[in-house]
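Down below is the structure, laid out as structure tokens.
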Amino acid sequence: SQQGEEDPQALSIQEGENATMNCSYKTSINNLQWYRQNSGRGLVHLILIRSNEREKHSGRLRVTLDTSKKSSSLLITASRAADTASYFCATGSHGSGNTGKLIFGQGTTLQVKP
Amino acid sequence: EAGVAQSPRYKIIEKRQSVAFWCNPISGHATLYWYQQILGQGPKLLIQFQNNGVVDDSQLPKDRFSAERLKGVDSTLKIQPAKLEDSAVYLCASSLDRGSGEKLFFGSGTQLSVL
Numbered sequence: 665s666q667q668g669e670e671d672p673q674a675l676s677i678q679e680g681e682n683a684t685m686n687c688s689y690k691t692s693i694n695n696l697q698w699y700r701q702n703s704g705r706g707l708v709h710l711i712l713i714r715s716n717e718r719e720k721h722s723g724r725l726r727v728t729l730d731t732s733k734k735s736s737s738l739l740i741t742a743s744r745a746a747d748t749a750s751y752f753c754a755t756g757s758h759g760s761g762n763t764g765k766l767i768f769g770q771g772t773t774l775q776v777k778p
Numbered sequence: 002e003a004g005v006a007q008s009p010r011y012k013i014i015e016k017r018q019s020v021a022f023w024c025n026p027i028s029g030h031a032t033l034y035w036y037q038q039i040l041g042q043g044p045k046l047l048i049q050f051q052n053n054g055v056v057d058d059s060q061l062p063k064d065r066f067s068a069e070r071l072k073g074v075d076s077t078l079k080i081q082p083a084k085l086e087d088s089a090v091y092l093c094a095s096s097l098d099r100g101s102g103e104k105l106f107f108g109s110g111t112q113l114s115v116l
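In order, the protein sequence lines correspond to chains A and B. For this note's numbering, add 664 to where a residue sits in the first sequence, where the first one is 1. For this note's numbering, add 1 to where a residue sits in the second sequence, where the first one is 1.
Next up, the structure:
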């Protein structure tokens with residue numbers, strides 16, 4: 665089952681503009697993660713924000729988390745053509761045994777035009 | 002640090018045939034995951050191992066899919082017999098996992114086409 669729902673499904677912007685993607689989820693979480701996937705490749709971890717955090721930065725990335733609204737956003741500032749990829753949010757929660765469980769959303773496809 | 006290794010990279014089979022995928026996780030990673038990613042969708046968890054034990058296989062179609070992780074290291078995922086709807090990318094991932102869902106490291110995946 666998919667936990668996160670992402671919005672928009674597709675986004676097209678010009679190089680230098682900012683890109684914002686949103687993720688909503690349904691159940692309680694321990695953390696929320698964002699991943700990037702270039703066409704034909706595996707996913708690459710971008711950033712993790714824990715449930716007791718509200719905002720986190722990593723380079724040109726800014727992630728916010730609102731647990732009361734069960735939503736998160738990923739902002740990419742000063743976008744580059746190389747940022748063209750699909751972006752997925754994933755919610756982390758306690759799984760069976762002593763392991764975590766990570767459920768992915770459907771993703772946002774970002775196109776950055778040079 | 003070597004990444005997650007998967008093979009083969011591509012596989013084309015006919016329906017009702019069998020196929021197997023192999024994954025070697027990052028050394029020391031206790032948790033291994035197999036995800037199925039259908040074109041245009043997010044990855045869907047098929048099975049999760051901690052060391053050599055299964056901790057979640059609730060979404061694994063057990064009538065045709067099987068997976069094992071021998072000695073808590075390498076893993077294989079098998080489909081027998083394959084159906085057209087099994088066409089997807091099969092992603093293997095691993096993590097240190099200290100119980101709260103740490104970040105995953107993914108392999109490049111195996112793209113399966115069932116004709």
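Positions of the beta carbon are idealized from the N, C-alpha and C atoms, including for glycine.
Go through the region 672-741 of chain A residue by residue and report every complete run of the beta strand (DSSP E) that reaches 3 residues or more, in order. List check, beta strand (DSSP E) in window: 674-678, 683-688, 695-701, 707-714, 719-722, 725-730, 735-740.
Closest by C-alpha distance to V90 (chain B), when choosing among B:G41, B:Q81, B:K63, B:Q49: The residue given as residue 90 (chain B) occupies position 89 in the second sequence. Comparing Cα-Cα distances from V90 (chain B) to each of B:G41, B:Q81, B:K63, B:Q49, the minimum goes to B:G41.
Does any residue of chain B have a CB that is nearer than 8 Å to the CB of I713 (chain A)? Here the question's residue 713 (chain A) lines up with position 49 in the first sequence. Closer than 8 Å: no.
Report buried or exposed for G680 (chain A), applying the criterion of at least 16 other Cβ atoms within 10 angstroms of its Cβ. By one-based count along the first sequence, residue 680 (chain A) stands at place 16. G680 (chain A) should be labelled exposed.
Can you say whether G29 (chain B) is buried or exposed, counting buried as having 16 or more other CB atoms within 10 angstroms of its CB? On the second sequence, residue 29 (chain B) is found 28 positions in, with the first residue counted as 1. With fewer than 16 Cβ atoms within 10 Å of its Cβ, G29 (chain B) is classed as exposed.
Under a three-way DSSP split, which group does K777 (chain A) fall into? Counted from its first residue, the first sequence places residue 777 (chain A) at position 113. Residue state, collapsed to three classes: strand.
Give me the residue from B:W35, B:R65, B:R70 with the minimum Cα distance to K765 (chain A). Locating residue 765 (chain A) in the first sequence gives position 101, where the first residue counts as 1. The shortest Cα separation from K765 (chain A) among B:W35, B:R65, B:R70 belongs to B:W35.
Could you name the residues of the same chain whose beta carbon sits closer than 8 Å to that of S665 (chain A), not counting the 5 residues immediately before and after it, in chain order? In the first sequence, the residue the question calls residue 665 (chain A) occupies position 1. Unreliable positioning characterises S665 (chain A) in this predicted model, as indicated by a pLDDT of 47, which lies under 50. A coordinate reading is not provided.
Roughly how many whole angstroms lie between the Cα atoms of Q37 (chain B) and Q60 (chain B)? To locate residue 37 (chain B), count along the second sequence from 1; it is residue 36. To locate residue 60 (chain B), count along the second sequence from 1; it is residue 59. Near 10 Å, if we compare the C-alpha coordinates of Q60 (chain B) and Q37 (chain B).
The region 694-706 of chain A: positions lying closer than 9 Å to chain B by Cβ: Those residues of the region 694-706 of chain A that come within reach of chain B (Cβ to Cβ, closer than 9 Å) are N694, N695, Q697, Y699, Q701, G704, R705, G706.
From the beta carbon of Q822 (chain A), is the nearest beta carbon of chain B less than 8 Å away? Nothing can be reported for residue 822 (chain A): it is not among the residues displayed for chain A, which extend from 665 to 778.
What's the C-alpha gap between G756 (chain A) and N702 (chain A)? What you label residue 756 (chain A) is simply residue 92 of the first sequence in a count that begins at 1. What you label residue 702 (chain A) is simply residue 38 of the first sequence in a count that begins at 1. Going by the C-alpha atoms only, they are around 22 Å apart.
Rounded separation between T773 (chain A) and S737 (chain A) - CA only: If you number the first sequence from 1, residue 773 (chain A) lands on position 109. If you number the first sequence from 1, residue 737 (chain A) lands on position 73. When rounded, the distance between both Cα atoms is 15 Å.
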